[in-house]
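Just remember that my numbering sits 34 ahead of the position in the sequence shown, which is counted from 1.
Quick reminder that beta carbons are idealized off the backbone N, C-alpha and C, glycines included.
Predicted model, so just to flag it, every value in this text is computed and none were measured.
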Amino acid sequence: MTGLYFRDCTLQVKLREGDVDEFFRHENQSTPPSLATGSQMRQCDQHNLLDCLEGVLTHSHNNSLDVDCKVLDGPAVVHFLGPGTCCTFEDYAKVFLQYVVKELDSVSRIDIVWDIYKSDSLKTVTREKRGCGTRRRVSSSTRIPGNWPAFLRNTENNEELFRFLAQKCAHFYVGTKVIYSTVDDEVVCSSRGTISSAIAPCTHEEADSRIFVHIKDMAQQGHTKVMIRTVDTDVVVIAVAKFLQIGLEELWVAFGTGKNYRHIGIHQIVSRIGQENSQALSFFHAFTGCDTMSFF
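#1: Which complete beta strand (DSSP E) runs does the region 92-161 hold, if anything under 3 residues is left out?
#2: Can you tell me which of Ile150, Ser243, Ser174, Pro179 puts its alpha carbon nearest to the alpha carbon of Val217?
#3: On the three-pair Cβ rule with 8 angstroms, is the region 118-128 touching the region 176-187?
#4: State the start and end residues of the unbroken alpha helix (DSSP H) segment that holds His301.
#5: Run the CB neighbour count on Ile146, radius 10 Å, all protein chains shown included, and call it buried at 16 or more, exposed below.
#6: Could you tell me the distance, in whole angstroms, from the CA atom of Asp242 to the CA atom of Lys128?
#7: Go ahead and label Met35 buried or exposed: buried means 16 or more other beta carbons lie within 10 angstroms of its beta carbon, across all protein chains shown.
#8: Are the CB atoms of Phe130 and Leu106 nearer to each other than 8 angstroms?
#9: For Leu99, collect the residues of the same chain with a Cβ closer than 7 angstroms to its Cβ; drop the 5 residues on either side in sequence, then sort them by chain order.
#10: Is the beta carbon of Asn188 sitting closer than 8 angstroms to the one on Val172?
#11: Return the CA-CA distance between Arg263 and Ser316, expressed in angstroms with no decimal places.
#12: Have a look at Lys293 and Phe246 and give me their C-alpha separation to the nearest angstrom.
#13: Of the choices Leu282, Tyr207, Arg170, whose alpha-carbon is the least far from that of Glu194?
#14: Using the three-state DSSP reduction, which class does Glu240 fall into: helix, strand or coil?
#15: What separation, rounded to the nearest whole angstrom, lies between the Cα atoms of Val270 and Leu84?
#16: If I measure Cβ to Cβ from Arg197 and keep anything under 7 angstroms in the same chain, skipping five residues before and after, which residues do I get?
#17: What are the uninterrupted segments assigned as alpha helix (DSSP H) that are 4 or more residues long and contained completely in the region 162-196, given in chain order?
#18: What is the rounded straight-line gap between the Cα of Asp53 and the Cα of Asn311?
#19: Could you say which of Thr258, Tyr295, Phe321, Ala110 lies nearest to Arg341 if we only look at CA atoms?
#20: Let me make sure I understand the geometry here. Which of Ala253, His60, Ser153 has the alpha-carbon closest to that of Gln279?
#21: Quick one: measure Cβ to Cβ for Leu138 and Lys250, integer angstroms, because I've assumed they're closer than 8 angstroms.
#22: What is the DSSP secondary structure of Met35, reduced to helix, strand or coil?
#23: Nearest-angstrom Cα distance between Ala320 and Leu87?
#24: Is it buried or exposed for Glu283, if we count other Cβ within 10 angstroms and need 16 for buried?
#25: Of the residues Tyr214, Arg306, Ala275, which one's Cα is nearest the Cα of Cys103?
#26: Alpha carbon to alpha carbon, what distance is there between Ser305 and Ala275?
Shown next as structure tokens:
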């Protein structure tokens, strides 16, 4: 509704001695202002929810945790682990593997979970808003593009890069330890690993939720303390909501980068806010502030 039209409507109500308060009780725009700005969904700052959850905790800022296994949010790692001086994707794979091996140093198992891109996904709209980078084939000899963030905004680039890195991890020898990595709806692993039917095949589209399929498998294998590496608030929300169903003693999230890096104790949050609030959190977040819903 334009400003002039709104003014005319208000004048008509007054001229007809109508109830102005009653007039303002009803929506007077084509899209409710509580849910949209103009014709666009209202997008929230997800860190607002994270601040609330972390408000009940005292953070552990130590560089290491005493855990049995780790799960890496693959897309998140690729975003914060830039190529630096790498010339080719083979060079970048070495940098990525160095990071994985460093994370594997203190645990026996590490799982790397990647997104799957579906053409009919609700997430397509969100990705389109971020723009689309130039298409670049991913192979060992292909040169790294100059603009890494723009490269990662292209869905086909991501699909090829994730598969490329997953296969590199599967063929990397890590002795008695094990690396698992998703590839589309399947899972590959290093030589010592055995792939459980509990983790593959899996139709979860996003790493956000698929991470917890792997964590549940870790718990069923007897592991009690797990750490997730991510920079995504959605993962923290799902972790809080699902913690009691997984069966772990401790679940940590290594969150953020640089000076904002910290460890968030999911088990501590659940203990403080209680079972009912914890299990309701994922619905609350989906209804009030995820990527495909309007924030209000």
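Let's see:
#1: Within the region 92-161, complete beta strand (DSSP E) segments of at least 3 residues are found at 103-107, 143-147, given in chain order.
#2: As a first step, residue 217 is located in the sequence shown; it is residue number 183 there, counting from the start. Nearest option by C-alpha distance: Ile150.
#3: Under the Cβ criterion (8 angstroms, minimum of three pairs), the region 118-128 counts as touching the region 176-187.
#4: Within the sequence shown, the letter at position 267 stands for residue 301. Per DSSP, His301 belongs to the alpha helix (DSSP H) from 300-307.
#5: Counting from one through the sequence shown, the residue named residue 146 turns up at place 112. With 16 or more other Cβ atoms within 10 Å, it is buried.
#6: The residue labelled residue 242 in the question sits at position 208 within the sequence shown. The residue labelled residue 128 in the question sits at position 94 within the sequence shown. When rounded, the distance between both Cα atoms is 25 angstroms.
#7: Here residue 35 corresponds to residue number 1 of the sequence shown, with the count starting at 1. With a pLDDT of only 49 at Met35, under 50, the local geometry of the prediction cannot be trusted, and no value is derived from it.
#8: Here residue 130 corresponds to residue number 96 of the sequence shown, with the count starting at 1. Here residue 106 corresponds to residue number 72 of the sequence shown, with the count starting at 1. In this structure, Phe130 keeps its C-beta atom at 8 angstroms or more from the C-beta atom of Leu106.
#9: As a position in the sequence shown, residue 99 is number 65, starting the count at 1. Taken in chain order, the residues that qualify are Met261, Trp286, His297.
#10: For the purposes of this step, residue 188 is identified with residue 154 of the sequence shown, where counting begins at 1. For the purposes of this step, residue 172 is identified with residue 138 of the sequence shown, where counting begins at 1. Result no, Cβ atoms of Asn188 and Val172 do not sit closer than 8 angstroms.
#11: The residue you call residue 263 lines up with position 229 of the sequence shown. The residue you call residue 316 lines up with position 282 of the sequence shown. When only Cα atoms are considered, Arg263 and Ser316 end up about 19 angstroms apart.
#12: Residue numbering aside, residue 293 sits at position 259 when the sequence shown is read from its first letter. Residue numbering aside, residue 246 sits at position 212 when the sequence shown is read from its first letter. Taking the straight line from one Cα to the other gives about 27 angstroms.
#13: Position 160 of the sequence shown, counted from the start, is the residue given in the question as residue 194. Closest option to Glu194, Cα to Cα, is Arg170.
#14: Position 206 of the sequence shown, counted from the first residue, corresponds to residue 240. It is coil, neither helix nor strand.
#15: The residue given as residue 270 occupies position 236 in the sequence shown. The residue given as residue 84 occupies position 50 in the sequence shown. Each residue's Cα considered, the two are about 8 angstroms apart.
#16: Locating residue 197 in the sequence shown gives position 163, counting from the first residue. Closer than 7 angstroms at Cβ, skipping near neighbours: Val217.
#17: Uninterrupted alpha helix (DSSP H) stretches at least 4 residues long and entirely within the region 162-196 occur at 182-185, given in chain order.
#18: Translated into the one-based positions of the sequence shown, residue 53 becomes position 19. Translated into the one-based positions of the sequence shown, residue 311 becomes position 277. Here the alpha carbons of Asn311 and Asp53 stand approximately 41 angstroms from one another.
#19: Given a span of 35 to 330 for the chain in the structure shown, any question on residue 341 remains unanswerable.
#20: On the sequence shown, position 245 is the one that residue 279 refers to. Considering only alpha carbons, the answer is Ala253.
#21: Here residue 138 refers to the residue found at position 104 of the sequence shown. Here residue 250 refers to the residue found at position 216 of the sequence shown. At roughly 20 angstroms, the Cβ-Cβ gap does not stay under 8 angstroms, so Leu138 and Lys250 are not in contact.
#22: As a working mapping, residue 35 is identified with position 1 in the sequence shown. Low confidence applies to Met35: its pLDDT is 49, below 50, so where it sits in the model is not reliable enough to give any reading.
#23: One-based indexing of the sequence shown puts residue 320 at position 286. One-based indexing of the sequence shown puts residue 87 at position 53. So the two alpha carbons sit approximately 16 angstroms from each other.
#24: The residue given as residue 283 occupies position 249 in the sequence shown. Exposed, because fewer than 16 other Cβ atoms sit within 10 Å of the Cβ of Glu283.
#25: The residue you call residue 103 lines up with position 69 of the sequence shown. Among Tyr214, Arg306, Ala275, the Cα nearest to that of Cys103 is on Tyr214.
#26: One-based indexing of the sequence shown puts residue 275 at position 241. One-based indexing of the sequence shown puts residue 305 at position 271. Taking the straight line from one Cα to the other gives about 12 angstroms.
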